[in-house]
Amino acid sequence: MLREQWTKEQIEQWLKSVDLGEQTFQEATALQLINQLEANSTIGETNKIRGELYARLAVERESRVHSLNDHLLHEWINKALKSDHSNEKAHSVRLKLIVEQCRHLPIPSKFPPIRETDHGSAKKKTAELYYDIALEFGRLDEQMKTYFTQAEDSLQYADNEEYGEVIRSLQRIYDLFVEPFEMIEAATREYANSLTGIYYSAAQFSQIHQAVKQIEQTKKEWEEQLDQAAASKGDTELSALEELDSMIGLHDVKKRIAKLYQFLHYQKARKEQGFRFKDELSLHMILTGNPGTGKTRLARLIAKIYYELGLLERPEVYEVDRSQLVGGYVGQTEEQTTQAIERALGGVLFIDEAYSLKRQGQSTQDYGQAAIDTLVSAMTSGKYQGKFAVILAGYPEEMRNFLRANPGLRSRFPEQNHVQIENYSTDELIEMAKNVAVENDFVITEEAIMALKERIEKQQVDESFGNGRTVKNIVLDAIFQKGASVQLDKVESNDFLLLEAGDFKSEVSSKTNEENDPLEQLNELIGLTEAKKTIERLTSFVKVQQLRREHHLEVKPIGLHAVFTGNPGTGKTTVARIYAKALHQLGLLKRGHMVEVSRADLVAGYVGQTAIKTREKIVDALGGVLFIDEAYSLLGKGENDFGAEALATLVQEMTVHDENLVVVMAGYKTEMQKLLEVNPGLRSRFKNEVEFSDYTVSELKEILLKRAHLHGYQFNQEAMNSLSELIPKEGHPGNGRFVAGLLESLIQAQATRLAAERQAHIDKDMLTTITKEDMLFLQKMEG
2 MLREQWTKEQ IEQWLKSVDL GEQTFQEATA LQLINQLEAN STIGETNKIR GELYARLAVE
62 RESRVHSLND HLLHEWINKA LKSDHSNEKA HSVRLKLIVE QCRHLPIPSK FPPIRETDHG
122 SAKKKTAELY YDIALEFGRL DEQMKTYFTQ AEDSLQYADN EEYGEVIRSL QRIYDLFVEP
182 FEMIEAATRE YANSLTGIYY SAAQFSQIHQ AVKQIEQTKK EWEEQLDQAA ASKGDTELSA
242 LEELDSMIGL HDVKKRIAKL YQFLHYQKAR KEQGFRFKDE LSLHMILTGN PGTGKTRLAR
302 LIAKIYYELG LLERPEVYEV DRSQLVGGYV GQTEEQTTQA IERALGGVLF IDEAYSLKRQ
362 GQSTQDYGQA AIDTLVSAMT SGKYQGKFAV ILAGYPEEMR NFLRANPGLR SRFPEQNHVQ
422 IENYSTDELI EMAKNVAVEN DFVITEEAIM ALKERIEKQQ VDESFGNGRT VKNIVLDAIF
482 QKGASVQLDK VESNDFLLLE AGDFKSEVSS KTNEENDPLE QLNELIGLTE AKKTIERLTS
542 FVKVQQLRRE HHLEVKPIGL HAVFTGNPGT GKTTVARIYA KALHQLGLLK RGHMVEVSRA
602 DLVAGYVGQT AIKTREKIVD ALGGVLFIDE AYSLLGKGEN DFGAEALATL VQEMTVHDEN
662 LVVVMAGYKT EMQKLLEVNP GLRSRFKNEV EFSDYTVSEL KEILLKRAHL HGYQFNQEAM
722 NSLSELIPKE GHPGNGRFVA GLLESLIQAQ ATRLAAERQA HIDKDMLTTI TKEDMLFLQK
782 MEG
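Shown next as structure tokens:
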């Protein structure tokens, strides 16, 4: 909601600044202001302002929904005129609405014929149909008279002579319907009732026939008048190129398609002049883009362009995927692919995720290649050549690999017919979100736009981001959150219309906000003094650099990749998770998760696969931290070891993804230093070293007691006094892992003791207490 109550003068000033182009008219702001005006009678006489706000809402609504048949548009116009009957904007839109109502006049352009030679029952049935149509006109007549009265009223305020001529012409034509319909109603009533067997009245028959001819001629004039009015106002249906141009974003695509359109138009005109092309431009196209970039919609528009230019017989697109082309046995694939081609004849065959037809490494029992061969044959020879267009679509990298593996297919798609659809910008995605909201009769507030932007940016992590598809899901989720949280017994009108900032807070982010501060979690860990200082220093650096950026000061590059050195069990993995959460909280990482890998997850056993495995794990970690445990194991151990390839791929991908990925490598100090020396690229990227010291005896005891408490166990006093007997005086190289194993062994010892005692009743204290006996039993077992 608006942060403060606006005065009448402030609202007038805002409307004035909108008129001057200094601000953009925001529907959400207008709705909130109307709500304030209706709730607060102290603002003064506000009918005129309220009428203006409703009228502007209606104008904005019309431009967004591109339809006059919209219930909110009608509602806002009525409220605008009720508040201020003299509002010019509202009357202008009402005139458009009336003309639109006229466009849907329920009178048939052609009546079913009634013949003298028809059987009596057939004549009776047709007569009853005529009678029903006449009655429907009678019911419509009162409404149409109301529309024309409203139109005359609106013309006094809208001062639109062009609309005046249209309305008066329509009213004149409409009056011509009245007499023949009255004649039909009277005649068919008698005619339907008089029919018995084959008897009929010739006079009645002649009257009906004459009236029908008059109605059909009048309907023709009515439609011609509406078509002329639409053409003069530019309300005709958009061409495919105009429709493409009206879409959000796609600037490069629009240029490419416009050039293609121009050339195809030129090609067509040249043919009409008698010139010929020996090698005509191929209509087959390849569309590549990430999920939700509009490949399918673009394919439909291209089909429409081909049709408008006369290059295809129809604008239809037949959409298929692998499952509809590739069969399970010999011959079935050729048959299914041919059937798809025949269904697409005259139009476009659109194959989504075309690369799935044939992937590298598929077995000999896969018939995807047969589908490709059948398709290529139909495109280049035989009875199907030139009678349909093929559009292949898919993700960029997969399509490039697919075409490399199929040179026969690639040669049928010239380079100029390859269209790459880029991801949408955040601003473009927000415009899409607004449209999705409008389609569902919602308006997004300015505060909610910021929350929406945050949701979008958090999901813009890798190539799997769904662009328009993801944005639609975010808005639909916000609508769900709105509906699931509003109290219907206390609902206000704007609760049905406005999406606010709180509606865009996902459940995941809400849960994240409820968790402890990551740095507090770090400080709660036992020991790790130096590690804590280093992590706090790094996060403080990030925070200050972001503040400098907000104040437009010079910002130093933020290098957050780190090397964690220390023995096993010293908390490296735990601290890495907290590090990821802290960077997420500071807004540097979009997800804040951690992907933990080892050599086996990155290195393959044969050429070419290590880079693929490494990239897959990097993609999984985007927006978070990639934690490589025992990273020194990636050092090459001979000619056939691919660890060096994993490191090279890692260095390359760290550069590509920049701040969208933080890598933490962990291992023993000496070995990690050797790793950094071997690969200079790593040394330059891992400038932060965090050292994890071994835990002292007192820290190990504290960890043991804390872990026991978390698992629902406690030590009695005698056991507490004897803890030093279980932990070596010099500590233990296993550190935290040693403590975890020790606690597990003590729990098992306690369970063995309780089972051996065979007491009739074992209470809660006995189940949760570890005693000196359990420690002695453990020492005996180990001893």
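Following my numbering, the numbering of the sequence shown begins with 2 at its first residue and continues without gaps. All C-beta atoms in this analysis are idealised placements derived from N, C-alpha and C, irrespective of residue type, glycine included.
- The residue from Val-620, Ile-12, Gln-14 and His-67 with its alpha-carbon nearest to that of Val-439 is His-67.
- The residue among Glu-551, Val-626, Glu-617 and Thr-566 with its C-alpha nearest the C-alpha of His-585 is Val-626.
- Contact between the stretch 286-306 and the stretch 402-421 is present: three or more C-beta pairs spanning the two stretches fall below 8 Å.
- Annotated as proximal: His-92 and Ala-159, with beta-carbon spacing under 8 Å.
- Taking a C-beta distance under 8 Å as the contact criterion, Leu-623 and Asp-496 do not qualify as a contact pair.
- For the options Asp-775, Ala-649 and Leu-74, the alpha carbon positioned closest to that of Ser-746 is the one of Asp-775.
- If only uninterrupted alpha helix (DSSP H) runs of at least 4 residues are considered, those enclosed by the stretch 51-119 are 72-84 and 89-104.
- By the beta-carbon neighbour count (other beta carbons within 10 angstroms, threshold 16), Val-331 is exposed.
- Excluding five sequence positions before and after Gln-780, the CB atoms of its chain that fall closer than 8 Å to its own CB belong to Glu-726 and Leu-727, given in chain order.
- In this structure, Ala-434 sits near Leu-453, with a CB-CB distance shorter than 8 Å.
- When secondary structure is reduced to three states using DSSP, Glu-317 falls in the coil class, being assigned neither helix nor strand.
- Assignment of Asn-495 by DSSP, reduced to helix, strand and coil, places it in the helix class.
- For the options Gly-293, Glu-222 and Arg-298, the alpha carbon positioned closest to that of Asp-246 is the one of Arg-298.
- By the beta-carbon neighbour count (other beta carbons within 10 angstroms, threshold 16), Met-782 is exposed.
- Across the structure, Leu-603 and Thr-294 are spaced so that their CA atoms are roughly 31 Å apart.
- Sequence-distant partners of Gly-290 (beyond 5 residues in either direction) whose C-beta falls short of 6 Å from its own C-beta, in its chain, are Lys-296 and Ile-422.
- A direct Cα-Cα distance of roughly 10 Å separates Lys-124 from Tyr-131.
- Secondary-structure assignment with DSSP links Gly-570 through no beta bridge to anything.
- The alpha carbon of Leu-539 has as its nearest neighbour, out of Glu-551, Arg-550, Gln-522 and Ala-563, the alpha carbon of Ala-563.
- Only residues of its own chain outside the window of five on either side were considered, and among them Val-327 and Lys-359 have a CB closer than 8 Å to the CB of Asp-367, listed in chain order.
- The shortest CA-to-CA distance from Asp-442 to any of Ala-232, Asn-36 and Glu-63 is the one to Glu-63.
- Counted as a single uninterrupted DSSP element, the alpha helix (DSSP H) harbouring Leu-34 occupies residues 28-40.
- Of the residues Ala-40, Thr-47 and Asp-228, the one whose Cα lies closest to the Cα of Gln-11 is Thr-47.
- Leu-498 is the residue among Asn-717, Leu-498 and Glu-143 whose C-alpha sits nearest the C-alpha of Leu-73.
- At a cut-off of 4 residues, the continuous stretches assigned as alpha helix (DSSP H) that sit fully inside the stretch 591-620 are 600-603.
- One Cα belongs to Ser-170, the other to Lys-260, and the distance between them is close to 42 Å.
- Counting the other Cβ atoms within 10 Å of the Cβ of Gln-144 gives fewer than 16, which makes it exposed.
- Within its own chain, the residues whose Cβ lies closer than 7 Å to the Cβ of Phe-643, once the five positions on either side in sequence are excluded, are Val-604, Ala-605 and Thr-611, listed in chain order.
- In the DSSP assignment, Val-391 is bridged to Leu-350.
- Of all alpha-carbon atoms in Tyr-55, Leu-724, Leu-69 and Arg-708, the one lying nearest the alpha-carbon of Lys-90 is that of Tyr-55.
- Shortest Cα-Cα distance from Leu-265 to any of Leu-310, Phe-278, Lys-255 and Arg-301 involves Leu-310.
- Secondary structure note for Asn-689: it is in no alpha helix (DSSP H), and the uninterrupted beta strand (DSSP E) holding it is 689-693.
- Boundaries of the alpha helix (DSSP H) around Met-380: 369-381.
- With fewer than 16 neighbouring CB atoms inside 10 Å of its own CB, Met-451 falls in the exposed class.
- Per DSSP, the unbroken beta strand (DSSP E) holding His-419 starts and ends at 419-422.
- Arg-51 sits away from Ser-87, with the two beta carbons spaced by 8 Å or more.
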